[in-house]
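J.:
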Ligand SMILES: Nc1ncnc2c1ncn2[C@@H]1O[C@H](COP(=O)(O)OP(=O)(O)O)[C@@H](O)[C@H]1O
Ligand SMILES: [Mg+2]
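Numbering (our numbering), first residue to last: 198 to 473.
Have a look at this one:
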């Protein structure tokens, strides 16, 4: 097991496998001509199918901007994003076939309070015209995956924050995307719930084989979860370095007590202090 953090180039040696996500020269400016904000600069990144990648960096370094561009919620000012070999944007239009492969989870679950948990999970399928029988069967399967069976008829407000995020994950997976994009998904949860949700996320990832990108500013969360950590630096946001994490899976929370874990945390903390 090689635990030395490797500073590597952003293009990945995928062997024969094509990247499921490919960014080429992606930049983003916000604001007006008089007051432009350069949020992300010339970013190249390849992500392999089934990888669990964490975007780590200080507040304001462009993590959300990058994730929203990959998710098709925000158009790059420059550059190109390919999802499963399909160009995501074409002349200002999102390409539906690429978007269909993307699911998103945010810091708040954004469940509709007037729908039951089951109806929330199945909503994307309803919007896609899937029959009731089919969407209820699919919702059941997903609620089973994220372990919220028994809560089908409950209202969102009756669930804990962690349970609501489980429902949000189930909903994001409902229409069968291969990629799950998560923006500080457990950032609003208490520390203990957050730890157990990270263990659960690892399990869901291992059971489903999805490609997952998680945004966080927590170094220990990044080291616990990631195959690779993409460290971003601010003003403008750019990739500073990429760190491979080779701890065997499934990782238990006790890995955090190991010297190797703490050494990598220390390396990343030092690097973040340098780039901030
Ligand atoms: N809609 C917007 N208009 C103008 N500036 C923005 C907008 N959204 C984000 N920014 C700026 O872009 C930079 C990156 O923001 P963001 O992607 O939210 O960073 P992070 O998620 O890492 O905290 C910050 O300087 C932020 O203030
Ligand atoms: Mg953010």
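From the three backbone atoms N, C-alpha and C, an ideal C-beta is built for every residue, glycine too.
List, from N- to C-terminal side, the beta strand (DSSP E) runs of 3 residues or more that fit wholly inside the stretch 244-301.
T.: The qualifying runs are 249-253, 275-280.
J.: Can you tell me whether DSSP reads residue 374 as helix, strand or coil?
T.: In the structure shown, residue 374 sits in coil (DSSP, three-state: anything other than H, G, I, E or B).
J.: Within its chain, find whatever has a CB closer than 7 Å to the CB of residue 323; leave out the 5 residues flanking it on each side and keep chain order.
T.: Excluding positions up to five away in sequence, the list reads 332.
J.: Rounded to whole angstroms, what is the Cα-Cα separation between residue 410 and residue 378?
T.: Taking the straight line joining both Cα atoms gives about 5 Å.
J.: Compute the distance between the beta-carbons of residue 285 and residue 423, then report whether it is under 7 Å.
T.: Not in contact: residue 285 and residue 423 (Cβ atoms no closer than 7 Å).
J.: Who are the near neighbours of residue 244 in its chain, counting only those whose CB is closer than 8 Å to its CB and skipping five residues on each side?
T.: Excluding positions up to five away in sequence, the list reads 209, 216, 217, 218, 219, 250, 408, 410.
J.: Determine the extent of the alpha helix (DSSP H) in which residue 417 is found, giving its start and end residues.
T.: It spans 416-422 - the alpha helix (DSSP H) in which residue 417 sits, taken as one unbroken run.
J.: Does DSSP put residue 455 in a helix, in a strand, or in coil?
T.: Coil at residue 455, not helix or strand.
J.: Is any heavy atom in ligand 1 found nearer than 6 Å to the beta carbon of residue 214?
T.: Checking the Cβ of residue 214 against ligand 1 gives no.
J.: Sorted by chain position, which residues of the same chain lie with C-beta nearer than 7 Å to residue 206's C-beta, five sequence neighbours on each side aside?
T.: Model confidence at residue 206 stands at a pLDDT of 45, short of 50, so the residue's coordinates are unreliable; what they give is reported in the following sentence. Nothing meets the Cβ criterion.
J.: Grab the span of the alpha helix (DSSP H) containing residue 318 for me, first residue to last.
T.: Here the alpha helix (DSSP H) through residue 318 covers 314-324.
J.: According to DSSP, is residue 425 part of a helix, a strand, or is it coil?
T.: The answer is strand: DSSP assigns residue 425 an E or B state.
J.: For residue 408, does the three-state DSSP call read helix, strand or coil?
T.: In this structure, residue 408 counts as strand in the three-state DSSP scheme.
J.: What would DSSP say about residue 359, mapped onto helix, strand or coil?
T.: The answer is helix: DSSP assigns residue 359 an H, G or I state.
J.: DSSP on residue 402, reduced to helix/strand/coil?
T.: Note: residue 402 maps to helix in three-state DSSP.
J.: Grab me the residues of residue 295's own chain with a C-beta within less than 6 Å of its C-beta, minus the 5 sequence neighbours each way, in chain order.
T.: Hits under 6 Å: 280, 283, 285.
J.: Cβ of residue 236 versus every heavy atom of ligand 1: is any distance shorter than 6 Å?
T.: Because some heavy atom of ligand 1 lies under 6 Å away, the Cβ of residue 236 counts as near it: yes.
J.: Could you give the distance in angstroms between the alpha-carbon of residue 341 and the alpha-carbon of residue 416?
T.: Their backbone Cα atoms lie some 30 Å apart in a straight line.
J.: Looking at the secondary structure, which residues open and close the alpha helix (DSSP H) in which residue 344 lies?
T.: It is not in any alpha helix (DSSP H) - residue 344 carries neither H nor E in the DSSP assignment.
J.: Could you please give me the residues that DSSP links to residue 379 through a beta bridge?
T.: Answer is 302, 411.
J.: So residue 226 is in the beta strand (DSSP E); what residue range does that whole segment cover?
T.: First-last of the beta strand (DSSP E) with residue 226: 218-228.
J.: Suppose contacts are defined by Cβ-Cβ distances below 7 Å. Is residue 439 in contact with residue 425 by that definition?
T.: The answer is yes: Cβ separation under 7 Å.
J.: Cβ of residue 268 within 6 Å of any heavy atom in ligand 1?
T.: Checking every heavy atom of ligand 1 against the Cβ of residue 268, none is found closer than 6 Å.
J.: Touch check for the stretch 310-320 and the stretch 232-244: three-plus C-beta pairs under 8 Å?
T.: No, because fewer than three Cβ pairs between the stretch 310-320 and the stretch 232-244 fall closer than 8 Å, the two stretches do not touch.
J.: Straight-line CA distance for residue 451 to residue 351?
T.: Straight-line Cα distance between these residues: approximately 34 Å.
J.: Pick out whichever of 297, 309, 358, 363 has its Cα sitting closest to the Cα of residue 344.
T.: The candidate whose alpha carbon is nearest that of residue 344 is 363.
J.: Regarding residue 415 and ligand 1, is the C-beta to nearest heavy atom distance less than 6 Å?
T.: Residue 415: no, Cβ never under 6 Å from ligand 1.
J.: Compute the Euclidean distance between the alpha carbons of residue 384 and residue 289, then round it to the nearest angstrom.
T.: Spanning the two alpha carbons is a distance of roughly 32 Å.
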